[in-house]
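Residue numbers (my numbering): 8 to 340.
Ideal Cβ positions, reconstructed from N, Cα and C, are used throughout, including at glycine.
Next comes the structure, spelled out in structure tokens:
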């Protein structure tokens, strides 16, 4: 099999252009999208929007090839989003690491690609967000032509943002937040006699925390659909969706273990929702959008037995012969 190596859609190009005819391929991937819109794209009269807390973010990416000499390319990039440009400017945070041996026979990679597009409401009424779309990826992979080099890769990204909504008008205000979510979580191990694992995981939450005077109602606008493959004894998939008036909490993971292969574990799923709000004057709620994605792979090459010298059996026979002759002399004495 021939695999493209380290081609990261994150950057619209490749960190390396070589290909590897790779009998060993250990990979982990996540790819997901979450988008919601507030009141069909218009902040309701009387509702004051705010950024309730400081943005929380953490990330990392790393690779390790157990070879005397490796070449490493580490490409980070980022951009601050802008709500009120035309069109709105997306926020992105990206990093890709590729580590290869000089002959390109062995490679490890790790990457994350986070993209968030937010659209602002009426700027005359102050800062507000009327839609938000998160479109993210993460990956880690080890590939090798002969499986003789240990390797690992890992990436993770977490983000948490809290928004505030308060009814400062004189009467009741009714509006909705409608959204869609879809995700793919994949892991694969094709390592021959080598051992190791591949694991990918994703957790995503949209949390609604109302004060008194806020009525929240939830309805599913499309059912939760899943497609799971973990039929191999060394493949495992977990998934959970909890959704109701307080928002939703989603998680999924895919894990595979060597030796052997090919072994694949895959999850894909999607759902749609609508939350309806009825807010009394002076009432408020916070909306927390958070996610964590993790990718990790590890490959351990098989240990090659040290061959015995061809003359060793003759040497053993000779030693045994000498020992026998010595015992015979002792008996004759």
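Can you give me the Cβ contacts of residue 126 inside the same chain, cut-off strictly under 6 Å, excluding the 5 residues immediately before and after it? Excluding residues within five positions, the ones whose Cβ falls inside 6 Å are 95, 137, 138.
Taking the continuous beta strand (DSSP E) assigned at residue 239, which residues delimit it? First-last for residue 239: undefined, no H or E at that position.
So is residue 85 buried or exposed if we call it buried at 16+ other beta carbons inside 10 Å? When all chains shown are included, residue 85 counts as exposed.
Going straight from the alpha carbon of residue 118 to that of residue 253, what length do you get? Within the model, the alpha-carbon separation for residue 118 versus residue 253 is close to 33 Å.
Based on Cα-Cα distance, which residue from 41, 151, 64, 170 lies nearest to residue 291? Nearest neighbour of residue 291 by Cα position, chosen from 41, 151, 64, 170, turns out to be 170.
Return the first residue and the last residue of the beta strand (DSSP E) that residue 209 is part of. Counting along the chain, the beta strand (DSSP E) containing residue 209 begins and ends at 202 to 217.
Between which residues of its own chain and residue 59 is the CB-CB distance below 7 Å, once the five residues before and five after are set aside? Hits under 7 Å: 169, 170, 171, 293.
Return the chain-ordered list of same chain residues with a C-beta closer than 6 Å to the C-beta of residue 297, the five sequence neighbours on each side being excluded. Apart from sequence neighbours up to five positions away, the residues of its chain that approach residue 297 with a beta-carbon distance below 6 Å are 167, 212, ordered along the chain.
To the nearest angstrom, how far is the alpha carbon of residue 276 from that of residue 191? Inter-residue distance for residue 276 and residue 191 is about 7 Å (C-alpha atoms, whole angstroms).
Nearest-angstrom Cα distance between residue 302 and residue 195? Taking the straight line joining both Cα atoms gives about 12 Å.
As a quick exercise: from 258, 260, 81, 159, pick the residue whose alpha carbon is nearest that of residue 305. Measuring from the Cα of residue 305, the nearest candidate turns out to be 159.
Beta-carbon proximity check, residue 74 vs residue 108, cutoff 8 Å: Taking 8 Å as the Cβ cut-off, residue 74 and residue 108 qualify as a contacting pair.
Roughly how many whole angstroms lie between the Cα atoms of residue 7 and residue 152? This structure does not reach residue 7, given that the chain is present from 8 up to 340, and the question cannot be answered.
Taking the C-alpha atoms as reference points, what is the distance between residue 268 and residue 241? A straight-line Cα-Cα distance of about 9 Å links residue 268 and residue 241.
What separation, rounded to the nearest whole angstrom, lies between the Cα atoms of residue 281 and residue 186? Rounded to whole angstroms, residue 281 to residue 186 spans 6 Å at the Cα level.
Complete runs of the beta strand (DSSP E) confined to the region 101 to 126 [at least 3 residues]: Runs of the beta strand (DSSP E) inside the region 101 to 126: none found.
Beta-carbon proximity of residue 198 to residue 286, cut-off 8 Å: No, these two residues do not count as a Cβ contact at 8 Å.
Applying the 10 Å Cβ sphere with the 16-neighbour rule, what's the burial state of residue 300? It is buried - the Cβ of residue 300 has at least 16 other Cβ atoms within 10 Å.
Opening and closing residue of the beta strand (DSSP E) in which residue 272 lies: Start and end: 270 to 286.
With a CB to CB cut of under 6 Å and the five nearest residues on each side skipped, what residues in its chain are close to residue 128? Excluding the 5 residues flanking it on each side, residue 128 has same chain C-beta neighbours closer than 6 Å at 50, 135, 137, in chain order.
If you drop the 5 nearest sequence neighbours on each side, which residues of the same chain put their C-beta closer than 8 Å to that of residue 178? Correct list, in chain order: 53, 288.
Could you tell me which residues DSSP pairs with residue 224 in its beta bridges? Paired residue(s): 283.
Once the 5 residues before and after residue 189 are set aside, which same chain residues still bring their CB inside 6 Å of it? Taken in chain order, the residues that qualify are 40, 277.
So for residue 85, helix, strand or coil by DSSP? Here residue 85 carries a strand assignment [DSSP, helix/strand/coil].
Residue 154, DSSP secondary structure in three states: The answer is coil: DSSP assigns residue 154 none of H, G, I, E or B.
Contact check, residue 309 vs residue 200 under 8 Å by CB: the rounded distance? Contact holds; Cβ gap of about 4 Å.
Secondary structure of residue 48, DSSP reduced to three states: It is helical.
Sequence-distant residues of its chain with Cβ nearer than 7 Å to residue 314 (five each side left out): For residue 314, the predicted model reports a pLDDT of 46, less than 50, meaning its position is unreliable; a value from the coordinates is still stated below. The beta carbon of residue 314 sits closer than 7 Å to no other beta carbon from its chain once the five residues preceding and following it are set aside.
Output yes or no for whether 8 Å exceeds the beta carbon distance between residue 273 and residue 259. Their beta carbons are not under 8 Å apart, which means residue 273 does not touch residue 259 by this criterion.
Hey, could you find the ends of the beta strand (DSSP E) residue 71 is sitting in? Annotation: the continuous beta strand (DSSP E) that includes residue 71 extends over 63 to 72.
Option in 68, 116, 121 with minimal Cα separation from residue 32: Taking the Cα of residue 32 as reference, the smallest distance to any Cα among 68, 116, 121 is reached at 116.
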